[in-house]
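Here's the structure, in structure tokens; my notes come after.
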Amino acid sequence: MMNGNISRHAKQSTLDPRLHVEYRHLVKLQALSHSFRLLPHWQAKSLMAGRHSSQFRGRGLNFEELKHYQIGDDIRCLDWKVTLRTGQPHVRLYTEEKDRNVVILVDQGANMFFASTHTMKSVVAAEVAALISWRVLREGDRIGMLLKTPKACLWSEPMRGQNHVLQLLKTLSQSNQSLNVNSTDSVNFSESLTKLAQRDLRQSTVIILSDFLSLNLSDINKLKQIQRSNDLLAVRISDPMEQAIPDDAQWVMGDGNYQLSLHQTQQISKVNESFTTTATENAKALNYLMARHNLPLVELSTDGNHLSQLKRAIGA
Numbered sequence: 001m002m003n004g005n006i007s008r009h010a011k012q013s014t015l016d017p018r019l020h021v022e023y024r025h026l027v028k029l030q031a032l033s034h035s036f037r038l039l040p041h042w043q044a045k046s047l048m049a050g051r052h053s054s055q056f057r058g059r060g061l062n063f064e065e066l067k068h069y070q071i072g073d074d075i076r077c078l079d080w081k082v083t084l085r086t087g088q089p090h091v092r093l094y095t096e097e098k099d100r101n102v103v104i105l106v107d108q109g110a111n112m113f114f115a116s117t118h119t120m121k122s123v124v125a126a127e128v129a130a131l132i133s134w135r136v137l138r139e140g141d142r143i144g145m146l147l148k149t150p151k152a153c154l155w156s157e158p159m160r161g162q163n164h165v166l167q168l169l170k171t172l173s174q175s176n177q178s179l180n181v182n183s184t185d186s187v188n189f190s191e192s193l194t195k196l197a198q199r200d201l202r203q204s205t206v207i208i209l210s211d212f213l214s215l216n217l218s219d220i221n222k223l224k225q226i227q228r229s230n231d232l233l234a235v236r237i238s239d240p241m242e243q244a245i246p247d248d249a250q251w252v253m254g255d256g257n258y259q260l261s262l263h264q265t266q267q268i269s270k271v272n273e274s275f276t277t278t279a280t281e282n283a284k285a286l287n288y289l290m291a292r293h294n295l296p297l298v299e300l301s302t303d304g305n306h307l308s309q310l311k312r313a314i315g316a
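Residues 1 to 316 (UniProt numbering) are what the sequence shown spells out, left to right.
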């Protein structure tokens, strides 16, 4: 039994961190969670840093202001000391404290097992999801996850607690390590958005980590549906070769079923034109979607600096 454990441990230790993530590495990212805050420049009602003020007024926990009494105000909120002192009726207003649910959609589909520079897109998504999860836990909020794998969408209800986060990261690392060059998707990105929209989330922060390569008009409408009742943050993970492939070599491209050989400059130019158009249109659609709520489109690359890029984009 002991020899078997040692053997499995040695096998895990040989994983290339650029290709796959280990569970223990995702756990260690907790140490970085103190060095940034999630979009601290958001308005108070949209903060993901600790307790989140709601727009509901009433007899909550946090005192907000004194105001002159007006017809319709709750007389139970009358401040008698101020009223007697000023001779004018005043009421005390409070802001209700509400906890925040943060839900992360993590794309671990076959399309994410790709990189031409340093780190697989799937690894970037997994590490960013882990870092955000630890930050949410640090602030005492609930974290949930929709994990999009090649074969299924795995849903975890938003909950608090370190054990919950550890279970999310264990499932995430297992899914990530199952990806390989032979992986094919029987569940596409659009289906994962449908699953997320069907959750009918309310007053949550929804973060989507994907390359958004297959984004279409139907997907945009689903994102708008989610955005109507929640704060939505899109994090697009891209690789330079998805926008333009070098024209100084022969290329064989495939989707798992078909292959296309590119060896002429004219052929490569047409492919690059298509790549550039797709990338530009996707970025334009996502930027417009984020701008509706004055939020940024977070762009991460596969060059190995994704955690630093994340911190710069959403608030170090």
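Each residue gets a CB set at the ideal place from its N, CA and C atoms; glycine is no exception.
It should be emphasised that the depicted structure is a prediction, and the values quoted were computed from it without experimental measurement.
The alpha-carbon separation between GLY72 and GLN198 amounts to approximately 38 Å.
Taking 8 Å as the cut-off, the beta carbon of LEU179 is found closer than this to the beta carbon of ALA110. In the structure shown, LYS151 adopts coil according to DSSP, grouped into three states.
Of SER218, ILE132 and LEU213, the smallest CA-CA separation from MET241 is found for LEU213.
Secondary structure of ILE71 (DSSP, three-state): coil. In this structure ASN101 is buried. Its beta-carbon is surrounded by 16 or more other beta-carbon atoms within 10 angstroms. Residues ILE104, SER156 and LEU168 of the same chain have their beta carbon placed closer than 6 Å to that of MET145, with the five preceding and five following residues left out of the count. For ARG236, the uninterrupted beta strand (DSSP E) segment begins and ends at 231-238. Residues of the same chain with a CB within less than 7 Å of the CB of LYS222, apart from the 5 flanking positions on each side, are LEU193, THR194 and ALA197 in chain order.
A check of alpha carbon separations from GLN30 across ALA279, LYS121, ALA130 and GLU191 identifies ALA130 as the nearest. DSSP places HIS34 within a helical segment (H, G or I) once states are collapsed to three. Setting aside the 5 residues that flank it on each side, THR119 is surrounded in the same chain by ARG18, THR302 and GLY304, each with a C-beta closer than 6 Å to its C-beta; the list follows chain order.
Excluding five sequence positions before and after LEU297, the CB atoms of its chain that fall closer than 6 Å to its own CB belong to ALA234, LEU286, ASN287 and MET290, given in chain order.
The secondary-structure analysis by DSSP pairs SER301 across a beta bridge with SER238. Buried is the label assigned to SER173, since at least 16 other Cβ atoms lie within 10 Å of its Cβ.
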